Every structure is written in C-alpha cells, then in structure tokens.
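A.B. asks: Okay, handing you the structure first.
Protein chains in written order, with this note's numbering: chain U, 2 to 503; chain E, -18 to 356.
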C-alpha cells in the first residue's frame, strides 16, 4: 500500500467517525431540545386543561346522580302501579306487597304514606309527620328530593312522589318515597379515575354530604370554612354566592404549598353540588410521567438508531475497505499485466530487452550486495537471419526467430530467456540452471551442429559465469558475448550460413 | 345499655351524681331503691369545666350509643308483631324509632321477622292514647308498648289490659305510675334528677342568686312533670333564687317562644329559664335572641336548633338523652316479654338509659354526631 493510499484510508475513516459523532450529537441535542420544549408547553397547558378536565369529571358524576334519581322515580311509579294492581285487604298484605315490590325493583326503603301521614314500610307502620321533611305540607302535588340526616343515621337522599290516585283499604295514599344511602351513591360515583381526583357531594351551604375527603387540606370540612383563609375574600364570596345559587364554577388556590383546583356543578333537581378537586401537581406529575415515558422511549429509539447507524457505518466501512482492497488488487493485476506486456517479446513470448534491463539492474544490486553466488549468462545469436529475411521474406525470418527461441527455451528450461535484439537472446541462469549451464551448452552446440547438416536453425552461443571480480552483470555478459563470437566463427567453419558467407 | 361510669364527677359539680331512681316516683328516693339491682342504670352529669377539659370527644360521643348488638337471648318464635304508641308526633321519638329499626334489622339478619306499629297523635292526649291502647288490644300484637302521656289516666288502662292477658310494657320518656302492672319499662328513669342537675348548673352559673322561669312540656306527662319538680326542689334549696313563672308549651316550639316572650315582658330582669322538654329550649332561645336578654337557658334534648343555640352560647347547657339506645332496648325487651319472660335475669324491670349534660364546647361534636354537621 502506498503512502497516498494510507492517507486516503485514514481520511475516509476519520470522516466516517466524525460524521457519526456529529450525527449522534445532532440527534441527541434535537431530542433534548424537543423534550424541554414539550415540558414548557405542558406546564402552560396544565392550568387550562385542569379546569376542563375537572368540569368533565364533575359533570359526569353529576349526570350519574341525575340518572340514579330519574331511575328511582321511574321504579317508584312502577312500584305504586304494582301495589295498586294487587288485591290488598289487610295491613299485613300491604306490607307483604311492599316487600315484594322492593325486592323486585331493588328499591331501598320503599314506603307509602297515607293521608294521615302514616308511613307503611315492609316491616313497620309509623306516624311520620315529624320525621320526613316532605310531609311538612299537608298536600303533596309534586315530586320532592331532599337530603335526610337524622339523629346519627347515615345521610340519605329521599325521593318522594305524590300518589294521588292510590287507594287501599278505603284509605287514600298521598305519597311514596325511597331513601338511598349517600354512601351507596358515593360507591356508584367512585369510578376509576386512578385515584387522581377527589370528589364530594355538598349542600348549597358548603356542607359535605358524602363524607368523602376533598383532598388533604379541605378534608370533610365545610367547603367555604375550609378555604376561607387561602382564597382572596372577593373570590371566596363570589364562589360562595355562585355555590348557593346552584351555579357551576371553579376555584383555584394554594394550600399546604400545593396548587389546588376545584370545580363544582349543580346536580339537577337537587340542592346538591358535585365538587371535584385535583392538585395541579398531580396533573403535572401525570403529564410529566407521560413525557418521561415518551422521553425514555425516545432515548431507547435514539440508542437503537445510533447502534444501527454505527453498525451500518461499520458494515459500510468494511465493505468499502473490501472494495478498496479488491480495486487495489485488480489494479495490481492490471499493472502486472501491463508490466508483463511491457517486458514480453510479442513474437517469441520470452521476455524482451526492457525486462532484461530491469533484471540487469536488479542483479547488479544483488552482485553489489554480494548476495549472489551462482549466476551464469548464455548469449545466443541466430545465424543467417538476414539471409533468410532477404531471400525468403520476413515471415520466414520470423519463423527462424521463433524456432531459435523455442530451441533455446527447450534447452535452458531452468533459466530466464530474454530476446535483447533482432537475432540475439540472453539466458540468465541461477541455481539449478546455473549448475547445468555448461552441460546444456554442450548438448545445444551438438544439436546446432546437427542442424547445420539439416539446414535447420543455427544459433551461436557463448556463456560465462559470475566471478569474484565481477561488479556488474555486464562484465559477465561481455565474456559470454565474446565466447559467442568465437563460436560463431567455429560454426562458420563447420558450414553454417552467415551474413558474411552468403 | 351503657354505663358511663368514668369517675370524673367532681364535688364542685352541681348535683353530679349517679342516682338510681324510678322515673315515675313522686319521691326520688323510692325509685332509687327500686332499681339499685340493675347494674346498667346510670345517670351522668358533669360540670362545664369537666365537659370541656376532662370530658372531651369521648364524653360527648358516648352520650348517644349507636353501636348496639343484640344480646345472646334466643327468641322462641320467628315472627313478632308489636304495637307502640307514644305521646306526640315529634322528632325526639323519631330518634327512638331509629334505634328500634336497627334492632328490627339485626333480628331480621338472624332470621326473625319483627313487624310493629309506632304511632302517635299530632297533639298529646291521654284520651287519644287510651283509645289507641283499647284498639290495639283488639289486634293480634305480641306486646303493646306505651310512652305514658298521663300517668294518672293511662296507668289504670294498662292495669286493665294486663288483667285481660295483654302483655304491656312502657318505654322511652315516661313510665306508668308506681305500682302499675305493666311488665317492664325501658327509658329515662331519672327525669327528676335531670331537672335537678340542669337547675344546679343554672344556679351555679348565676351564683345561686336570681329570678328564673320554668318551661314544662305537657301537663301530666311524667317525664316533664318530674323534671319540673326536680327543678323546683333545687331552686328551693337556695334562698336567693326565685321562680317567677312556670308555663306548659304542650311540646310546641311556637308556644314555648310565645310563653318566653310573655315571661320576659313581665320579668325583663329574668336571669334564667329551666326547660323541661325538647321544644322548651328552642322556643326560649328564639325569644332570648330576639329581645337580646341575658337570661341563661338550661334545657333538655338534642334538637338541631337547640344544639346550634348551644354552640352559639345562647343556651348554657342541654341534657341529652340516649334515644337510640331506648329504641334498641325497647324492641329487644319486647321480644323477651312476648316469649312470656318476666323481669329478672333476662332483663330488669326498669332499663335505664343515660342523660348527658353538654355545654357550648361540646355542641360541635354533638352536631357532628347526630346531624353530620361541623358548625
């Protein structure tokens, strides 16, 4: 790998790392900023949301009570109708009928009242003029809804309806009524809001009817007495007036260091107000919890994304490195191919003069470093090439060259064969090729001598070995070349054709 | 039945005694002997200082005992039918009714069905009560109970009914005359002492000197008359105390108001009013407030308006009877009587219920206890 390649790779890795870190930083910073913005927006929204939320809660509960009242009045109508249809002649039969209809219609403490204010229940008959507020008036013309809290009894909702047409045992009945324990109503209202809000039923003077705690500060106290010290007098009076008039409204105050918001709505047909209270901190906590959950989810997402990005980057990097290596290797291959092409003689396939020059430079260095012990050079020259070219054409001349090259390669198959001129070849021999150089030269010379007789290819060869006094390959070459010329003369004498004798 | 034996009574307390006595007795001492064998009988009064400092919430809360359970007696029948009649349609007896209903509910949980009538006229009348009793005698009732409207008139009626084989008991505020053959009584056996205790409290407040008036309920009603008698006897002990008027309001708040206004016109320097029933203190307090009199009011019972006046300091003290326990025990003993039992080990001839004297500082707790209201 070149220095330039190394720099490029480092630059690439550095860029990838910086890019990844930058990406992580940007994603994290963006998430934190978004989270903070969400919290700020949440805080601003809480105040608006709390009133709206409470109003909905109070309204829902108020409607539940209204439905309960309407359902009970409907059931009372059915109960009276049922009793009217029965054949009743005795008090015992009336009590049995009341018991039966109570059970059938699931009515709490259903009772009838006659014109003398005598109350008939399933088990008792009593004079009820002082006990039931709806009997204060001699005549009863319309339905009555009242709150009963008598001498330590549980607080109850009393629903009474006129029964002007009912007559039993020749006695006229003026009303029917049911009494519903407010604790049962409270149970009905305690639907799931995850205990985040407090609620209570209040009479118009702020008295708690439901016996439920309206938060730790107000508790079960009178609403207005409890809040008098923590609300501006004008607001307090306004709220009290509104409450007494049976209006709906809301109130915010800070008590025990906690911001509280309460909302009240009137309950239809009653003198009750439904009050729901929530600490703003609860809304804050709730929304903050949601935000924190979202943030935690975002963090996980970010971590997951970053891990993915890192994995992806790593994979990409590895892929790029592999591709880079492959490209490099391909380049090397191409370069080698080009180099081979540059060093190869296209006609014979052996290496050319350029290759010889590279080898010569290489070997010169080795000789200089005294790293070569065995080195021999064989210089070969084709006899009669010019003659063949001139008489038989270049094609025949080229064939002669190829034949000569084949002949040399055949004999010196353990050496490196170079064509360094038109009819001149050099063989560089090391190791085994060096050891057999002289023997092979002898065999080749015999072959060449035979070729002279058959008028085949003739090559004059001369060889030389590296000696201790040699500083360059050229010196070895020169001796071999000299020997080749000597041989060329010998071959001429034997009968080989040369430029000279032709 | 409860016993408020706290040992908190001080010598400084006016007539703070545990007195065992009979309600209808003209002589308190004779009644005392009669019910001494009943360990459950107790009357308690305490001074204002004790009530507000030493007594506290428990003292006031225990004035009415809402926590009742039936005793271990196993009734012989599955069904009982009773008839009860009382003096007048009035919230005091509505409180008694709540105790009766709780006992009826507990019997029902045990599989025993109790039905009863609980009736009264709109105006107190011994004649009306006599008529009701005769009519009830014709009905199929296991026991007939009566809160005696006038002991002189009703006691002979009850004797006659018993002689006819009817099981008769008395209950709530007034027993029959001493010697009446009725089987048992459940209620206040110490009305004389209640009147005396309230009057002692008033005398102490006035420094045992001053003019006082006595408001009573219905003429002949034993409980009212006994309290008035207790009041008069107490006043008589102190030479500087003077009774300037005694009036009957027939258990009407409006009449109590009018009578008080009349007394105040005649006695603008009136120092105190002793009220012997539930309506007396309410009417008196209305009048006192209206004319801005300094007269000190002491009275009976747990009326909501009276408790508000007590809280506001218009009424000095109130004797609160445990109506709830009276109602509960009445049903429980009626069942035993219906089964043919006589007073003895199973129940006393007179089942006494407590009266607790409460003061201004106790009013809030009592209002919360009885009416679920924090003033």
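For every residue, glycine included, the Cβ atom is placed at its ideal position computed from N, Cα and C. Note that the coordinates shown come from a computational prediction; the quantities given were computed from them, not determined experimentally.
In the DSSP assignment, find the unbroken alpha helix (DSSP H) run with residue 312 of chain E in it and report its ends.
C.D. replies: 304 to 319
A.B. asks: In the structure shown, what three-state DSSP assignment does residue 257 of chain E receive?
C.D. replies: coil
A.B. asks: Distance cutoff 7 Å, beta carbons only. Does residue 152 of chain E sit that close to anything in chain U?
C.D. replies: no
A.B. asks: Would you mind working out which of U:361, U:328, U:38 and U:122 sits nearest residue 417 of chain U, comparing C-alpha positions?
C.D. replies: U:361
A.B. asks: Could you check where the beta strand (DSSP E) with residue 420 of chain U kicks off and where it finishes?
C.D. replies: 416 to 420
A.B. asks: If we require 4 or more residues per run, which alpha helix (DSSP H) segments fall completely within the segment 187 to 272 of chain U?
C.D. replies: 216 to 219, 224 to 228 and 234 to 245
A.B. asks: Taking C-beta pairs closer than 9 Å, name the residues in chain E that residue 1 of chain U reaches, listed in chain order.
C.D. replies: Within the shown structure, residues of chain U are numbered from 2 to 503, placing residue 1 of chain U beyond reach of any answer.
A.B. asks: So which residues of chain E does residue 127 of chain U contact, with C-beta pairs closer than 8 Å?
C.D. replies: Near residue 127 of chain U (Cβ distances below 8 Å), the residues of chain E are 78, 98, 99 and 100.
A.B. asks: Threshold first: 4 residues or longer. Then list the alpha helix (DSSP H) segments lying entirely within the segment 102 to 131 of chain E, N to C.
C.D. replies: 107 to 119
A.B. asks: Is residue 438 of chain U buried or exposed, if buried means 16 or more other CB atoms sit within 10 Å of its CB?
C.D. replies: Flag for residue 438 of chain U reads buried.
A.B. asks: Looking at residue 64 of chain E: is its Cβ nearer than 7 Å to the Cβ of residue 125 of chain E?
C.D. replies: yes
A.B. asks: If you scan the segment 196 to 276 of chain E from start to end, which runs of the alpha helix (DSSP H) of 4 or more residues do you find wholly inside it?
C.D. replies: 203 to 218, 234 to 247 and 260 to 272
A.B. asks: Return helix, strand or coil for residue 9 of chain E, following the three-state DSSP convention.
C.D. replies: The predicted position of residue 9 of chain E is uncertain, since its pLDDT is 30 and thus under 50; a value taken from the coordinates is nonetheless stated next. Residue 9 of chain E: helix per DSSP, three-state reduction.
A.B. asks: Kindly indicate which three-state DSSP category residue 134 of chain E falls into: helix, strand or coil?
C.D. replies: helix
A.B. asks: CB-CB under 7 Å to residue 315 of chain E, same chain, minus the five flanking residues each way: which ones, in chain order?
C.D. replies: So the list reads 63, 124, 126 and 150, once near-sequence residues are dropped.
A.B. asks: Compile a chain-ordered list of the residues in the segment 143 to 161 of chain U whose CB is closer than 8 Å to at least one CB of chain E.
C.D. replies: 150, 151, 152, 153, 154 and 156
A.B. asks: To the nearest angstrom, how far is it from the Cα of residue 205 of chain E to the Cα of residue 217 of chain E?
C.D. replies: Rounded to whole angstroms, residue 205 of chain E to residue 217 of chain E spans 18 Å at the Cα level.
A.B. asks: Closest by CA to residue 147 of chain U, which one among U:322, U:316, U:334 and U:273?
C.D. replies: U:273
A.B. asks: Would residue 222 of chain E be called buried (16 or more neighbouring beta carbons within 10 Å of its own) or exposed?
C.D. replies: buried
A.B. asks: Closer than 8 Å between beta carbons: that is the criterion. Which residues of the segment 300 to 332 of chain E meet it against chain U?
C.D. replies: Taking 8 Å as the Cβ-Cβ cut-off, the segment 300 to 332 of chain E approaches chain U at 304 and 305, given in chain order.
A.B. asks: Could you check the C-alpha separation between residue 163 of chain E and residue 154 of chain E for me, to the nearest Å?
C.D. replies: 15 Å
A.B. asks: Residue 70 of chain E CB to nearest chain U CB: under 7 Å?
C.D. replies: yes
A.B. asks: In terms of alpha-carbon separation, which member of U:305, U:474 and U:316 lies closest to residue 366 of chain U?
C.D. replies: U:474
A.B. asks: Classify residue 128 of chain U: buried if its beta carbon has 16 or more other beta carbons within 10 angstroms, exposed otherwise.
C.D. replies: With 16 or more Cβ atoms within 10 Å of its Cβ, residue 128 of chain U is classed as buried.
A.B. asks: DSSP has residue 95 of chain E in a bridge; who is on the other side?
C.D. replies: DSSP output for residue 95 of chain E lists E:61 as bridge partner(s).
A.B. asks: Under 8 Å between beta-carbons, which chain E residues line up against residue 132 of chain U? List them in chain order, please.
C.D. replies: 72, 75 and 78
A.B. asks: Between the segment 246 to 261 of chain U and the segment 24 to 44 of chain U, can you find at least three pairs of beta-carbon atoms closer than 8 Å?
C.D. replies: no
A.B. asks: For residue 19 of chain E, does the three-state DSSP call read helix, strand or coil?
C.D. replies: Caution is warranted here: a pLDDT of 33 is assigned to residue 19 of chain E, below 50, making its placement in the model unreliable, and the coordinate value is therefore given only provisionally. Residue 19 of chain E: coil per DSSP, three-state reduction.
A.B. asks: Could you tell me whether the segment 335 to 351 of chain E touches the segment 96 to 115 of chain E, where touching means 3 or more Cβ pairs closer than 8 Å?
C.D. replies: Output reads no: the segment 96 to 115 of chain E does not touch the segment 335 to 351 of chain E.
A.B. asks: Taking the straight line between their C-alpha atoms, what separation do you get for residue 16 of chain E and residue 135 of chain U?
C.D. replies: Note that residue 16 of chain E scores a pLDDT of 31, beneath 50, so its modelled location is shaky; the value from the coordinates is reported in the next line. Each residue's alpha carbon lies about 42 Å from the other.
A.B. asks: Can you pull the chain U residues whose beta carbon is under 7 Å from the beta carbon of residue 376 of chain E, in chain order?
C.D. replies: Absent from the structure is residue 376 of chain E, since the part of chain E shown begins at -18 and ends at 356.
A.B. asks: In terms of residue numbering, what span does the beta strand (DSSP E) encompassing residue 340 of chain E cover?
C.D. replies: 336 to 340
A.B. asks: Given a cut-off of 7 Å on the beta-carbon distance, is the pair residue 230 of chain E and residue 208 of chain E in contact?
C.D. replies: no
A.B. asks: Please report the Cβ distance between residue 241 of chain E and residue 269 of chain E, rounded to the nearest whole angstrom; I am assuming they are in contact, meaning their Cβ atoms lie under 8 Å.
C.D. replies: 7 Å
A.B. asks: Is it the case that the segment 182 to 189 of chain E contacts the segment 313 to 327 of chain E, given that we only count it when at least three CB pairs across the two stretches are under 8 Å?
C.D. replies: Contact fails between the segment 313 to 327 of chain E and the segment 182 to 189 of chain E, because fewer than three Cβ pairs, one in each stretch, are under 8 Å apart.
A.B. asks: In the DSSP assignment, the alpha helix (DSSP H) including residue 100 of chain U goes from what residue to what residue?
C.D. replies: 92 to 106
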